[in-house]
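As structure tokens, the structure follows; a few thoughts come after it.
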Amino acid sequence: MSSPSHSPAAAGHHEPSKFHTFVGLAMILSVITGVEIVLVYLPLAKWFVVSSLVILSAVKFLCVIFIFMHLKWDKLFCTVLFFIGLVLAGGTMWALLKLFGAEAGKPLSATPLGLLLF
Amino acid sequence: MSSHAAAGAIDHHHDPTTSTGIPHKKLLWWAFLASDCMFFGTLISTHLVYRINPPPGNHSPTQVFNIELTSFSTFILLMSSLLMALAVNAIQRGNIRSTRTMLLGTVVFGAIFLGCQVYEFEHFVHAQKMTISNSLFGSTFYTLTGTHGTHVAVGVLLLGLIYIRSFKPASGFTGGEMLKTFAHLLVFCVFAGVFFIEIVPGGIQLVLESVPLATFFAQNAKWLGLFAASCVGLWWFARSSARELDFGERNAIDVEAIGLYWHFVDIVWIIIFTAVYLLEYI
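Protein sequences, first through last, are from chains A and B.
What the first sequence shows, in my numbering, is residues 1 to 118, in sequence order.
What the second sequence shows, in my numbering, is residues 1 to 282, in sequence order.
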């Protein structure tokens, strides 16, 4: 119950420490964030920068959920449950961006009527 | 989890006493986080939809944003995730002292992130004249980042609750102990609140706007005093805690559950940082 009785040295049945895994991952995430910031200032093709940012963000996202959030060590059902929400959210985003990104989906803001509306 | 504790070894990832093999608390949190994904998905989509077709009168994001400050707060939030993961790691190994240190570290980093957001919002409203109602960009931006900030604030409160829970005496709560716990919670709230509402924004102003140090101390004297008093209070409560505690390795699931929420807040920011901030600079 008390803190002294739970000292790591006192018990041998604890699961192995993930200290180095977590610190290593935090360093990797920091480096990726730094790369993302530098990327937007480099004179590179827009499609390349956008693709790189999306991929780097996805890598950071997956690293956090699988390692920091322990999905890697938990039952598969936790992953399935979370990805149901994630896929629904991603699908909603994709559908909305497709709908409003289409030519016919543009708002009337460029017209005098649109100016009145906004 | 009590049956595990009785058996001696605790498996922190599986629980054979439940039908799914997953501790109920963990399953509940994952279900909640899945639903929160959809919540943030719609907020991010709304912001992006209006950025694709901006109406007239919108502010120019690159002229409003301070990417250096946002990058700093992103780094702080990532590091808070590391401290949270280390807190979970420590409690799973039964190390209560380290758990408390890591929890307080996470609170401090979370409060720094919130302080950056307080400064950012204040700067946008007063210096950049962008309010929640004078442009559509302001409306979607404040709604999205404000909702995320509220999640972070709730996370800081949850971390505070579990930190104070770690001092619960094994003998249970008597009247005096209950009162002491409430006082502990109050001191914690003063500590976190004063830090992120006054001290951090004042410190950022000191660095970014080259405010003289004497002016900073003069303007924030009472807040610095209150903050110092709350630090002393937290130290005193930690020193005067009971020797026998009703907190240990079997409570790892409680710390882990709050950790899941905290990491979720971090991954949402990973998306917001790219979609709302970085993409504007291309």
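Even glycine gets a Cβ: it sits at the ideal position worked out from N, Cα and C.
Reduced DSSP category for residue i - H, G, I as helix; E, B as strand; rest coil
i	result
B:P169	strand
A:T42	The question names Thr, yet the displayed sequence has Leu at residue 42 of chain A. The answer is coil: DSSP assigns A:L42 none of H, G, I, E or B.
A:L71	coil
B:I282	coil
A:S5	Caution applies to A:S5, whose pLDDT of 41 falls short of 50 and renders its modelled position unreliable; the value that the coordinates give is listed next. Correct three-state label for A:S5: helix.
B:M1	Low confidence applies to B:M1: its pLDDT is 40, below 50, so where it sits in the model is not reliable, and the reading given next is rough at best. In the structure shown, B:M1 sits in coil (DSSP, three-state: anything other than H, G, I, E or B).
Own chain residues within Cβ distance below 6 Å of residue i, not counting five before or after
i	result
B:Q92	H12 and A252
B:S80	T106, F109 and G110
B:H59	M130, S135 and F137
B:V151	The sequence shown places His at residue 151 of chain B, not Val. Here the set comprises V265.
B:Q117	G149
B:E256	V88
B:Y50	L136 and T140
Listed by chain order, chain C residues near residue i by CB distance under 8 Å
i	result
B:H263	Of the protein chains in the structure, A and B, none is chain C.
8 Å Cβ cutoff, residue i in contact with chain A
i	result
B:Y281	yes
B:H151	no
B:I164	no
B:V255	no
B:A87	no
B:G105	no
B:V232	no
B:R239	no
B:A34	yes
B:K26	yes
B:R283	The shown model of chain B, from 1 to 282, leaves out residue 283 of chain B, and the question about it has no answer.
B:W30	yes
B:G41	yes
B:S71	yes
B:G203	no
B:W235	no
B:L278	yes
B:S45	yes
B:T74	yes
B:H14	yes
B:M38	yes
B:T20	yes
Continuous alpha helix (DSSP H) stretch holding residue i: start and end
i	result
B:Y261	A252 to I272
B:M205	Contrary to the premise, residue 205 of chain B reads as Gln rather than Met in this sequence. First-last of the alpha helix (DSSP H) with B:Q205: V200 to L208.
B:Y119	I96 to H126
B:A218	L213 to R239
Residue-level contact to chain B via CB, residue i, 8 Å cutoff
i	result
A:F48	no
A:G85	yes
A:I37	yes
A:S51	no
A:L88	yes
A:V40	yes
A:A26	yes
A:L116	Here the model assigns A:L116 a pLDDT of 45, short of 50, so the residue's position is not dependable, and the following value carries that caveat. So, not an interface residue.
A:V23	yes
A:K98	no
Neighbourhood of residue i by C-beta distance below 7 Å, restricted to the same chain and skipping five residues each side
i	result
B:D190	Looking at the sequence shown, residue 190 of chain B is not Asp but Val. Excluding sequence neighbours, B:V190 sits near L226 and S230.
Same chain only: Cβ atoms within 8 Å of residue i, ignoring 5 sequence neighbours per side
i	result
B:F167	T181, H184, F237, A238, S241, A242, L245 and F247
B:I44	L144, I271, I272, A275 and V276
A:K72	F66
B:A170	A242, E244, L245 and D246
B:S133	S139
B:I162	L103, D254, V255 and I258
B:T20	L27
Contact test: residue i Cβ vs the ligand HEM heavy atom, cutoff 7 Å
i	result
B:V152	Among the ligands in the structure shown, none appear at all, so the ligand HEM cannot be discussed.
Original post:
Just checking, does the stretch 174 to 184 of chain B make contact with the stretch 199 to 210 of chain B on the three C-beta pairs under 8 Å criterion?
Top reply: Verdict: no, contact absent.
Original post:
Three or more C-beta pairs closer than 8 Å, one from the stretch 119 to 133 of chain B and one from the stretch 54 to 71 of chain B: is that the case here?
Top reply: The stretch 119 to 133 of chain B, when compared against the stretch 54 to 71 of chain B, does touch it at the 8 Å Cβ threshold.
**OP:** Evaluate contact between the stretch 57 to 72 of chain A and the stretch 26 to 33 of chain A, counting only Cβ atoms and requiring at least three cross-stretch pairs below 8 Å.
**Re:** Taking one beta carbon from each stretch, the stretch 57 to 72 of chain A and the stretch 26 to 33 of chain A have 3 or more pairs nearer than 8 Å; the two touch.
Original post:
Touch check for the stretch 33 to 47 of chain B and the stretch 82 to 94 of chain A: three-plus C-beta pairs under 8 Å?
Top reply: The stretch 33 to 47 of chain B and the stretch 82 to 94 of chain A touch, with no fewer than 3 CB-CB distances between them shorter than 8 Å.
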